[in-house]
Each structure stands twice: as C-alpha cells, then as structure tokens.
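Asker: Residues 6 to 379 in the numbering used here are what the sequence shown lists, from first letter to last.
C-beta atoms are modelled at their ideal positions from N, C-alpha and C, and glycine is treated no differently.
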Amino acid sequence: MPAEVDVIIIGAGVVGLAIAAELSRADKTVFVFEKNRTFGLETSSHNSEVIHAGMYYPENSLKAKLCINGNSLLYELCDKFNINHKQLGKLIVAADDAETKEVERLYYQGLKNGVSGLQMLAREEIQRLEPNVKAVAALLSPSTGVVDSYNLLRCYYGRAKENAVEFVFNTAVIGIVRSGGHYKVSIKDSEGISSVTANVVINAAGLFSDKVAQLAGIDLEKAGYKLHYCKGEYFSLNPKVGCSVYRLVYPVPEQAGVGVHVTLSIDGSMRLGPDTKYVDMIDYAVDESAGEEFYQAVRRYLPSVELDDLVPDFAGVRPKLQGPGEGFRDYVIRDETEKGLPGLINLIGIESPGLTASPAIAKYVAEIIAEILN
Ligand SMILES: Cc1cc2nc3c(=O)[nH]c(=O)nc-3n(C[C@H](O)[C@H](O)[C@H](O)COP(=O)(O)OP(=O)(O)OC[C@H]3O[C@@H](n4cnc5c(N)ncnc54)[C@H](O)[C@@H]3O)c2cc1C
Numbered sequence: 006m007p008a009e010v011d012v013i014i015i016g017a018g019v020v021g022l023a024i025a026a027e028l029s030r031a032d033k034t035v036f037v038f039e040k041n042r043t044f045g046l047e048t049s050s051h052n053s054e055v056i057h058a059g060m061y062y063p064e065n066s067l068k069a070k071l072c073i074n075g076n077s078l079l080y081e082l083c084d085k086f087n088i089n090h091k092q093l094g095k096l097i098v099a100a101d102d103a104e105t106k107e108v109e110r111l112y113y114q115g116l117k118n119g120v121s122g123l124q125m126l127a128r129e130e131i132q133r134l135e136p137n138v139k140a141v142a143a144l145l146s147p148s149t150g151v152v153d154s155y156n157l158l159r160c161y162y163g164r165a166k167e168n169a170v171e172f173v174f175n176t177a178v179i180g181i182v183r184s185g186g187h188y189k190v191s192i193k194d195s196e197g198i199s200s201v202t203a204n205v206v207i208n209a210a211g212l213f214s215d216k217v218a219q220l221a222g223i224d225l226e227k228a229g230y231k232l233h234y235c236k237g238e239y240f241s242l243n244p245k246v247g248c249s250v251y252r253l254v255y256p257v258p259e260q261a262g263v264g265v266h267v268t269l270s271i272d273g274s275m276r277l278g279p280d281t282k283y284v285d286m287i288d289y290a291v292d293e294s295a296g297e298e299f300y301q302a303v304r305r306y307l308p309s310v311e312l313d314d315l316v317p318d319f320a321g322v323r324p325k326l327q328g329p330g331e332g333f334r335d336y337v338i339r340d341e342t343e344k345g346l347p348g349l350i351n352l353i354g355i356e357s358p359g360l361t362a363s364p365a366i367a368k369y370v371a372e373i374i375a376e377i378l379n
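Given below as structure tokens:
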C-alpha cells in the first residue's frame with residue numbers, strides 16, 4: 006500500500022462504491038477501506054430494493070433532489086450495464102377520507118419536487134389496475150421500480166476496479182488526524198495498525214458514519230450528527246390467489262418510515278415491510294411475533310391476506326439523524342471546511358432513498374471535490 010494517496014473512501018456500501026466508480030474516471034489514486042470481508046454486507050443488502058420516485062421529501066431537500074436525479078440515473082445505469090430491474094410502478098393507497106387527504110398531499114408534494122407521471126386514481130381505476138387491493142383513492146407513481154441491489158453493487162465495484170480503484174477489505178479506519186494540509190488515516194487489519202495519508206477523505210461509513218466523523222474530532226451533539234438506529238423487519242408473503250399485485254403497494258406514510266408496504270422482488274416474490282423500531286443495538290433478527298402487527302397493517306388494503314401467509318424474512322437498520330418523534334432531517338453531505346477540516350466529506354444519515362440516490366450522490370460528491378481541489 007502506498008504511504009500517500011489522493012482520495013480515501015471509508016465504507017464499501019452502495020454509497021462508497023458509487024462514489025468510487027464516479028471518481029475512478031478522474032486522474033486520482035483512490036483507496037476504499039472496508040471493515041468487512043467484502044462490499045455491501047450492511048444496509049446496502051438489507052433493504053426493499055425499491056427505485057423510489059421522490060414524492061415523500063420536502064421540496065429542495067437533498068433527499069428530494071438526489072432521489073429524483075438518482076431515479077433517472079439509476080434506470081440509465083441499469084439499461085447500460087444490464088442490471089436486473091423492473092419499472093413496475095407503485096400505488097400509495099388511502100383507506101378512508103382522512104387518508105385520501107394525505108395521499109393528495111403527497112401528490113402535490115411530488116409535483117412540486119418534479120416527479121414525473123404522478124396520477125390520482127379513484128376506486129374504480131384502482132380496481133381495474135389491482136383487483137385484489139381495497140382503497141377509496143390512490144396515487145399512482147409510474148417511475149417507481151425495483152432493482153437487484155447485489156447486481157447494482159457489483160456493477161459499481163466492477164467499474165471502480167476496472168479504473169484502478171484499490172479496495173482494501175477487512176480493514177477498519179480507526180483514526181483521522183489533520184496535519185500539514187493532509188489527513189493521516191489510521192487503519193487496523195489482521196497485521197496490526199498502520200496509516201496512509203490523503204488529501205481528501207470521504208466518510209461513507211453508513212451506520213457508523215457518525216463515529217467516523219467523531220474520529221476526526223467533530224463533536225456529534227454540537228454538529229447534530231448523532232445517528233439513531235431504526236430497525237425495519239420484513240415478512241415474506243406466501244403466494245396465493247387473491248393476494249397477488251402487479252405493482253408495489255404502500256399505505257400512507259407513518260412518522261419514521263413509509264409504512265408497511267408490499268414490494269415485489271425481481272423474481273416476482275412478495276414481501277411485506279419494513280416496520281420501524283428504534284433500537285440501541287444493530288441486529289438483524291426478525292421478531293416472529295411482529296407478524297400479527299404486519300397482518301393488521303396489510304389486511305386494510307389487501308383483505309384476502311391471512312396471518313398464516315406471513316413468514317419471517319430479514320431485517321435492516323436505518324441510520325437516522327431524526328430520533329423518535331422528531332421531524333424531518335435531511336442528508337448531511339458536506340465538506341467540513343467550516344469545521345476546520347477541508348477535504349473531509351461527511352455523508353451522514355444516508356437512509357432511504359440512499360440506494361436510489363446513489364448515482365446522484367456520487368456526482369454530487371464529485372462536484373464538491375472538484376470545487377475543493379480547484
Ligand atoms: C429497512 C430499509 C429499507 C430500505 N429501503 C430502501 C429502498 O427501497 N430504496 C432505497 O433507495 N433505499 C432504501 N434504503 C436505504 C438504503 O439501503 C441505504 O440508504 C443505503 O444502503 C446506504 O448505503 P451506505 O453505503 O451509506 O451504507 P452501508 O451499506 O451501511 O455501507 C457502509 C459501509 O461502511 C463500512 N464501515 C463502517 N465503518 C467503517 C470503518 N470505520 N472502517 C471501514 N469501513 C467501515 C461498513 O462495514 C459498511 O460496509 C433502505 C434502508 C433500510 C434500512
């Protein structure tokens with residue numbers, strides 16, 4: 006390993022990989038340090054794999070902008086590199102008049118954000134499109150889809166490797182010190198502790214991105230960077246007549262998530278989830294007893310479903326800046342010059358729609374770096 010490189014990326018999840026693929030096109034030495042044995046073993050492989058459209062987030066927020074740009078960039082990427090995906094479309098359904106108001110709010114929010122093709126549907130149209138779904142009104146989002154997340158990760162990884170990005174697995178970043186206009190990054194692997202110097206350090210450490218920012222001396226409470234873990238569990242749904250859907254079907258969103266929804270994976274199997282539970286520890290076990298809650302949530306709009314159709318599947322953990330009961334928090338994606346740390350780029354709170362937004366986040370970070378280095 007060289008003693009000096011241009012750019013260090015911490016974390017090989019979808020965000021670190023997308024940035025690596027984007028930066029690899031420029032003339033720079035880029036190293037990615039990943040504490041696990043390979044890429045994408047954490048949040049990037051524990052999610053709904055939905056290509057979101059962008060109606061949930063406030064206008065002009067980074068989440069809205071990067072989701073909408075990411076949506077079209079991701080479809081282009083999927084077409085260009087044969088990444089398995091399907092543009093299935095999605096319905097957000099209302100069970101009563103109060104929920105219809107919320108669905109309409111999302112429709113107008115989506116229009117303001119610039120989401121394409123949105124349409125409000127009445128009961129009869131919903132019946133025609135999705136005979137098994139019960140709803141009084143719905144928002145149709147044709148640009149929503151699903152992507153094979155492993156294919157996507159593999160594609161970013163392959164493109165970065167082809168362009169000489171070096172991946173160093175089983176290697177955790179344990180220290181970041183600014184000295185002499187550079188960063189000395191300490192790493193720990195099976196052989197011990199060593200260090201590498203870089204001009205630019207990109208913190209794409211997902212669930213640990215707050216701890217990595219802290220390594221560089223940032224006060225998490227003061228900066229508002231402390232992450233809260235919010236677990237989401239999934240149940241798979243046994244296929245049976247009367248329960249099938251052609252599109253993704255979501256209820257109106259709840260406070261911390263988008264509600265227990267029905268997604269279709271690339272192979273056509275149906276999955277319910279995720280729920281939202283703030284937790285202190287990261288663990289991926291599924292609590293079987295949550296099945297009853299999922300059943301009650303889903304039968305409101307998919308009435309033929311029965312409790313026995315639900316089988317515990319997997320779980321993911323969201324890295325949230327917003328604690329329980331708190332309002333919207335946007336992504337933190339910024340160069341920390343103001344904190345006396347120029348060239349340290351923190352990406353913190355990259356929860357959903359991070360998979361969708363990944364190609365747009367990569368371009369956004371590349372622009373920040375171009376500005377710093379010019
Ligand atoms: C339940 C759930 C459902 C979701 N559904 C969707 C969806 O349908 N559509 C969508 O667009 N998004 C979705 N998301 C969001 C999406 O999965 C994330 O935004 C995205 O995967 C975040 O990627 P990341 O690279 O930032 O994080 P990660 O995938 O967690 O990667 C971070 C990497 O950093 C490494 N790391 C951490 N600390 C260190 C260190 N000190 N040294 C070296 N390496 C380190 C970790 O090992 C890890 O590999 C969902 C998320 C959850 C939890």
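1. In the DSSP assignment, the beta strand (DSSP E) including P324 goes from what residue to what residue?
2. What span of residues does the beta strand (DSSP E) with V9 cover, start to end?
3. May I have the straight-line CA-CA distance separating D285 from Q132, to the nearest angstrom?
4. Give the secondary structure of F38 by DSSP, where H, G and I count as helix, E and B as strand, and everything else as coil.
5. I need the straight-line Cα distance from V254 to D102, nearest angstrom please.
6. Can you tell me the Cα-Cα spacing of I374 and E27, whole angstroms?
7. Work out the CA separation of V322 and K236 for me, nearest whole Å.
8. Under 8 Å by Cβ, that's how I've got I181 and V206 pegged, so tell me the actual separation to the nearest angstrom.
9. By DSSP, does E238 sit in helix, in strand, or in coil?
10. Helix, strand or coil: how does DSSP classify D215 here?
11. Regarding S49 and ligand 1, is the C-beta to nearest heavy atom distance less than 8 Å?
12. In this structure, what does DSSP give as the bridge partners for V120?
13. I'd like to confirm something about N41: is its beta-carbon nearer than 8 Å to some heavy atom of ligand 3, or not?
14. Near V257, what residues of its chain come up, given a Cβ to Cβ distance below 7 Å and the 5 sequence neighbours on each side ignored?
15. State the CB to CB distance for the pair R276 and S241, rounded to an integer number of angstroms; the pair is presumed to be in contact (CB under 8 Å).
16. For L326 and K166, what's the separation of their Cα atoms in angstroms?
17. Throw me the rounded Cβ distance for the V291 and P317 pair, which I believe falls under 8 Å.
18. Just the C-alpha distance for R339 and A210, rounded to the nearest angstrom, thanks.
19. Within the continuous alpha helix (DSSP H) that includes R252, where are the two ends?
20. So, at 7 Å on beta carbons, what are the nonlocal neighbours of V151 in its own chain, with the 5 sequence-adjacent residues on each side left out?
21. Taking DSSP as the reference, what is the three-state secondary structure of N168?
22. Answer with buried or exposed for S199, where buried requires no fewer than 16 other C-beta atoms within 10 angstroms of its C-beta.
23. Can you tell which of D153, R252, L71 and E297 has its C-alpha closest to the C-alpha of G59?
24. Classify S274 as buried or exposed, calling it buried when 16 or more other Cβ atoms lie within 10 Å of its own Cβ.
25. Less than 8 Å between C-beta atoms, sequence neighbours within five positions excluded: which residues of the same chain meet that for D32?
26. What is the rounded straight-line gap between the Cα of L111 and the Cα of I88?
27. Considering only the alpha carbon of each residue, which of Q219, Y234 and H233 lies closest to K227?
28. So the beta strand (DSSP E) P347 belongs to, where does it begin and stop?
29. Please name the residue in V138, L346, S121 and V120 whose C-alpha comes closest to that of A127.
30. Which residues in the same chain have their Cβ closer than 7 Å to the Cβ of G328, if we skip the five residues on either side of it in sequence?
Answerer: Answer, in terms of the structure:
1. L315 to K325
2. At residue 9 the sequence reads Glu, which differs from the Val that was named. Looking at the DSSP string, the run of the beta strand (DSSP E) that includes E9 is E9 to I15.
3. 42 Å
4. strand
5. 18 Å
6. 11 Å
7. 4 Å
8. 6 Å
9. strand
10. helix
11. yes
12. V120 is not bridged to any residue.
13. Among the ligands in the structure shown, ligand 3 does not appear; only ligand 1 can be found there.
14. I97, A99, E104, E107, V108 and G264
15. 5 Å
16. 32 Å
17. 4 Å
18. 14 Å
19. Here R252 belongs to no alpha helix (DSSP H), and DSSP marks it neither H nor E.
20. E54, V55, I56, H90, K91, L93, T268, L269, S270 and I271
21. coil
22. exposed
23. L71
24. exposed
25. none
26. 29 Å
27. Q219
28. L346 to I353
29. V138
30. H233
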